[in-house]
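The sequence shown begins at 1 in the UniProt record's numbering and counts up one residue at a time.
Note that CB positions come from ideal geometry on N, CA and C, so glycine has one too.
The structure under discussion appears below in the form of structure tokens.
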Amino acid sequence: MALQELPDDAPGRLIPYDRRPYYNPDPLPPDAELQFEKEFYDTLSEATFWLGKLSGFSLTADFAPVLYTSLLRKEAMESSEIEGADIDYNALYSFETRSLDRSGATDKQAAAIDETKDVQEVLNYERALKSGINALDHDDGISIDLLHTLHTILLTDVPEDRRETDTIGEFKTVPNHLGEFVPPVPSAVDGLMDALMTYIRTDGSYHPVIDIALTHYQFETIHPYGDGNGRLGRLLITLQLYDHGYLEHPTLYLSEYFNRYKETYVDRMNAVRKYGEWEAWIEFFVTGLRYQAEESLLRSQELYTLQEAYEAEYGDISAAYAKLARKLFDQPYLTAGVVEELLDVTSPTAYRAIDRLEEDGVLEETTGKERNREYRAREIFEILERPPRTY
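What follows is the structure, given as structure tokens:
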């Protein structure tokens, strides 16, 4: 984005700096009143409807931890994938399960496997989101201090070759570049972020969902950190939705939509920066919110139905295999060693329980090996891994 390419009515200006100017966004709200077609308000209404349905279901369903943990992890994986991580449910749960296995059968491989760096990013995102929710539950509110804390969690123990900064838990100290786009330089960040936090704390100027779209654009345009801005910005969306009462639990994974439409996501933001096309960006954002809320509800309902089916089939049986089937909604990925711990049984009993659930089609082996075998709850993971159905 060269200096002469920016129109006079763009919602920001290019400031000469070194060999390339940087972009300095105007503070929120936009100068011109936002104008939407009727169809947009229909989409906005649908988005709030599905968010309400999702939160209502979370309140009424007696759900096992797998729902909240797995859907939160889905958001963490999708967000990390946007940033280049290559990870799936098997690798993530395998890493975690091997760390729980005290039998020694895994030879303590968990800390040395190749995917550790990608797994670390996903688990960091999960921890950061939980930490953010906990802060809001304690009335701390969204603040720069909270963002610094979350940024620290996101980048802790991430290998140096996977992060672009040594500055963790504070704003950037050297300029960063997004292709041809140069975000505000370090000296401009404090003032811009103070203004953004003020906009968030004073509840903005529009419908809360529209304001969340505006603040996400503004955060990503300021790009205040040396690395991790995308992950932190997407995490902030969930926290804002939770803070406004649109989410009862962090089971929305909007990053899936952004991941599927990555080019559009970038193009719409650039169109705001260059030409002030706010409406197109907000329409894209709200549409994603609408579909992902429905997606999350559908998966939640399917998991709950499956949980009820297992309770009906195995609930009145005292055998180890039946107890294990009911435990899968707490621990959907396991080894024989984990089953021994989970059920407090001997190794032969654990293997018999696993064999029986394999015969029933409830468990499936994932490694293809004869030793150090790992198993996952087949139907649970099929629900989690299926592609979106609403778009």
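Gln120 and Asp157 closer than 8 Å at C-beta: The answer is yes: Cβ separation under 8 Å.
CA-to-CA distance, Thr43 to Thr287, given in whole angstroms: Straight-line measurement puts the Cα of Thr43 at about 6 Å from the Cα of Thr287.
Ala195: first and last residue of the uninterrupted alpha helix (DSSP H) it sits in: For Ala195, the enclosing alpha helix (DSSP H) has its first and last residue at 186-201.
Beta carbon of Tyr253 nearer than 8 Å to that of Ser296: Going by C-beta atoms, Tyr253 is nearer than 8 Å to Ser296.
Arg273 - DSSP class collapsed to helix/strand/coil: Helix at Arg273.
Nearest neighbour of Ala336, chosen from Tyr291, Glu374, Glu379, Gly56 [CA to CA]: Among Tyr291, Glu374, Glu379, Gly56, the Cα nearest to that of Ala336 belongs to Glu374.
Glu126 classed as buried or exposed, judged by whether at least 16 other C-beta atoms fall within 10 angstroms: Buried is the call here.
One or two residues paired with Arg376 in a DSSP bridge: Residue pairing for Arg376: DSSP places it in a beta bridge opposite Tyr333, Glu364.
Backbone CA spacing between Tyr68 and Leu247 [nearest angstrom]: Whole-angstrom Cα-Cα distance: 12 Å.
Inter-residue spacing [alpha-carbon to alpha-carbon] between Gln35 and Phe219: In this structure, the alpha-carbon of Gln35 lies about 22 Å from that of Phe219.
Close beta carbons around Thr251, own chain, < 8 Å, minus the five adjacent residues each side: Same-chain partners within the cutoff: Leu54, Ser58, Leu67, Tyr68, Leu71, Leu72, Ser296, Ser300.
Residue interval of the alpha helix (DSSP H) (run including Asn229): Run containing Asn229: 229-243, per the alpha helix (DSSP H) assignment.
Local conformation of Tyr310 per DSSP, three classes: Three-state DSSP puts Tyr310 in a helix.
Cβ neighbour criterion (16 or more within 10 Å) applied to Lys108: A caution first: Lys108 carries a pLDDT of 42, below 50, which makes its placement in the model unreliable, though a value can still be read off. Exposed: under 16 other Cβ atoms inside 10 Å.
Three-state secondary structure (DSSP) of Ile15: Strand at Ile15.
At least three beta-carbon pairs within less than 8 Å, the stretch 310-323 to the stretch 346-355: Three or more Cβ pairs closer than 8 Å define a contact, and the stretch 310-323 meets that threshold against the stretch 346-355.
Segment contact flag, the stretch 357-365 with the stretch 263-273, C-beta cutoff 8 Å, min 3 pairs: By the Cβ test, the stretch 357-365 is not in contact with the stretch 263-273, since fewer than three Cβ pairs between them sit closer than 8 Å.
Residue environment, His138, which counts as buried when at least 16 other CB atoms sit within 10 Å: So His138 counts as exposed.
Short Cβ contact (8 Å threshold) for Asp227 with Leu155: Taking 8 Å as the Cβ cut-off, Asp227 and Leu155 qualify as a contacting pair.
Alpha helix (DSSP H) segment containing Asn24, residue limits: Under the DSSP assignment, Asn24 falls outside any alpha helix (DSSP H), being part of the beta strand (DSSP E) whose first and last residues are 22-25.
Residues of its chain near Arg378, where Cβ-Cβ distance is below 8 Å and the 5 sequence neighbours each way are ignored: The residues are Gly361, Val362, Leu363, Glu364.
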